[in-house]
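Participant:
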Ligand code: HEM
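Numbering (our numbering), first residue to last: 1 to 251.
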């Protein structure tokens, strides 16, 4: 039997639409017909590969996000977002789950790294003038990504339910109470008859203090809503880079 019968079969040909012979057209087809590979363009300018232009900080921020998703899903297997269990679950993860300490620390350190890398990436984009037309829209998408990254960090901070988490979020959520018009301590709150039971802080915490409703809200925001929003903006961000002709070039 012909040794290539697998690669010639109808099933194989329905998945891989190109043959394996190494020709420029085949290489391009291999990239465009693969959902993961086609995220990258078939051809890139040599300047786009110059590591000293980007230091790959956007790519590294994305890598941190992927690490957060993988380790975060594993942490969710052990963690219950209620005041009775949250702190002890976190301690059990550290001391009884196999590689639990490693897992928690991976999640924590990659989170810090993501915040730092996003900021450095933004600084690089600014210093290389890459926010200028035609990339001004992608800068705005980037600002949304920065906001979501900081919100992910803020909501995750409460989840260990230890003293530093509890009081940091108590202080942080006070800022929502000071929102102009919509915070019960903010300027002009009288206009809309805002009080401590219908203001921005109440919306964020589900209460007027940090307790079980706040823990559940932060958990849902941290594990479901914000990662989905972040993914959506990243897809738009990467798609825009392609539409703007790849990354900008050094002058
Ligand atoms: C989660 C956050 C973010 C991720 C994962 C991300 C990812 C990326 C990646 C992979 C690139 C390709 C070039 C590179 O690696 O430097 C890029 C380019 C770009 N990013 Fe981001 N980014 C993020 C946040 C931001 C922020 C906060 C801004 C600015 C406010 C921004 C603005 C831009 C712009 C304008 C480009 C095009 C740069 C060029 O053409 O040289 N991004 N981003």
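We put the CB at the ideal spot given by N, CA and C, even for glycine.
(1) Check whether the Cβ of residue 61 sits closer than 7 Å to any heavy atom of the ligand HEM, and report yes or no.
(2) Taking Cβ positions, are residue 145 and residue 233 nearer each other than 8 Å?
(3) Are the segment 127-139 and the segment 232-247 touching by the rule of at least three beta carbon pairs closer than 8 Å?
(4) With distance defined between alpha-carbon atoms, name the residue in 94, 225, 68 nearest to residue 78.
(5) Considering only heavy atoms of the ligand FAD, does any lie closer than 7 Å to the CB of residue 153?
(6) Could you compute how far the alpha carbon of residue 227 sits from the alpha carbon of residue 48?
(7) Hey, which unbroken runs of the alpha helix (DSSP H) at 4 residues or more fall wholly within the segment 69-141?
(8) Any heavy atom of the ligand HEM inside 7 Å of the beta-carbon of residue 270?
(9) Identify the continuous alpha helix (DSSP H) that holds residue 231 and give its terminal residues.
(10) Return the CA-CA distance between residue 99 and residue 110, expressed in angstroms with no decimal places.
(11) With respect to the alpha helix (DSSP H) encompassing residue 45, which residues constitute its N-terminal and C-terminal limits?
(12) Determine the DSSP secondary structure at residue 174, reduced to helix, strand or coil.
(13) Can you name, in chain order, every residue of its own chain whose Cβ lies under 7 Å from the Cβ of residue 7, other than the five neighbours on each side?
(14) From what residue to what residue does the alpha helix (DSSP H) around residue 262 run?
(15) Anyone know if the C-beta pair for residue 34 and residue 250 falls short of 8 Å?
(16) Any idea if residue 112 is buried or exposed, counting beta-carbon neighbours within 10 angstroms, 16 or more meaning buried?
(17) Please classify residue 201: is it buried, with 16 or more other beta-carbons within 10 angstroms of its beta-carbon, or exposed?
(18) May I ask you to check if the CB of residue 72 is nearer than 7 Å to at least one heavy atom of the ligand HEM?
(19) Can you name, in chain order, every residue of its own chain whose Cβ lies under 8 Å from the Cβ of residue 76, other than the five neighbours on each side?
(20) Starting from the C-beta of residue 141, find all residues in its chain whose C-beta is less than 8 Å away, skip the five residues before and the five after it, and write them out in chain order.
(21) Report the option in 174, 58, 188 whose CA atom is closest to the CA atom of residue 122.
(22) Kindly indicate which residue of 155, 55, 185 has the alpha-carbon position closest to the one of residue 108.
Facilitator: Checking against the coordinates, here is how it stands:
(1) To locate residue 61, count along the chain shown from 1; it is residue 61. It does: the Cβ of residue 61 is within 7 Å (strictly closer) of some heavy atom of the ligand HEM.
(2) The count along the chain shown starts at 1 and reaches residue 145 at position 145. The count along the chain shown starts at 1 and reaches residue 233 at position 233. In this structure, residue 233 lies closer than 8 Å to residue 145 by Cβ.
(3) In this structure the segment 127-139 lies against the segment 232-247, because at least three pairs of beta carbons, one per stretch, are closer than 8 Å.
(4) Residue mapping note: residue 78 aligns to position 78 of the chain shown, counting from 1. Closest by alpha carbon: 94.
(5) The ligand FAD is absent from the structure shown, which contains only the ligand HEM.
(6) Here residue 227 is taken as the residue at index 227 of the chain shown, counted from 1. Here residue 48 is taken as the residue at index 48 of the chain shown, counted from 1. Taking the straight line from one Cα to the other gives about 28 Å.
(7) 86-95, 100-127
(8) Because the chain is modelled from 1 through 251, residue 270 falls outside the range shown and cannot be assessed.
(9) Walking along the chain shown from the start, residue 231 turns up at place 231. Note, residue 231: alpha helix (DSSP H), 226-243.
(10) The residue labelled residue 99 in the question sits at position 99 within the chain shown. The residue labelled residue 110 in the question sits at position 110 within the chain shown. Take the alpha-carbon of residue 99 and the one of residue 110: they are about 16 Å apart.
(11) In the chain shown, residue 45 corresponds to position 45, counting from 1. Run containing residue 45: none; DSSP gives neither H nor E here.
(12) Position 174 of the chain shown, counted from the start, is the residue given in the question as residue 174. Helix at residue 174.
(13) Translated into positions along the chain shown, residue 7 becomes position 7. For residue 7, where only same-chain residues beyond five positions count, the Cβ hits under 7 Å are 20.
(14) In this structure the chain extends from 1 to 251, so residue 262 is not present and cannot be described.
(15) For this step, residue 34 is matched to residue 34 along the chain shown. For this step, residue 250 is matched to residue 250 along the chain shown. No, they are not a contact pair.
(16) As a position in the chain shown, residue 112 is number 112, starting the count at 1. The residue in question, residue 112, is exposed, as its Cβ has fewer than 16 Cβ neighbours within 10 Å.
(17) Counting from one through the chain shown, the residue named residue 201 turns up at place 201. Classification for residue 201: buried.
(18) The count along the chain shown starts at 1 and reaches residue 72 at position 72. No.
(19) For the purposes of this step, residue 76 is taken as residue 76 along the chain shown, with counting starting at 1. The answer, listed in chain order, is 223.
(20) Indexing the chain shown from 1 puts residue 141 at position 141. Answer for residue 141: 233, 236, 237, 240, listed in chain order.
(21) Taking the chain shown and counting its residues from 1, the one referred to as residue 122 is at position 122. Looking from the CA of residue 122, the closest CA among 174, 58, 188 belongs to 58.
(22) Within the chain shown, the letter at position 108 stands for residue 108. Answer by Cα proximity: 155.
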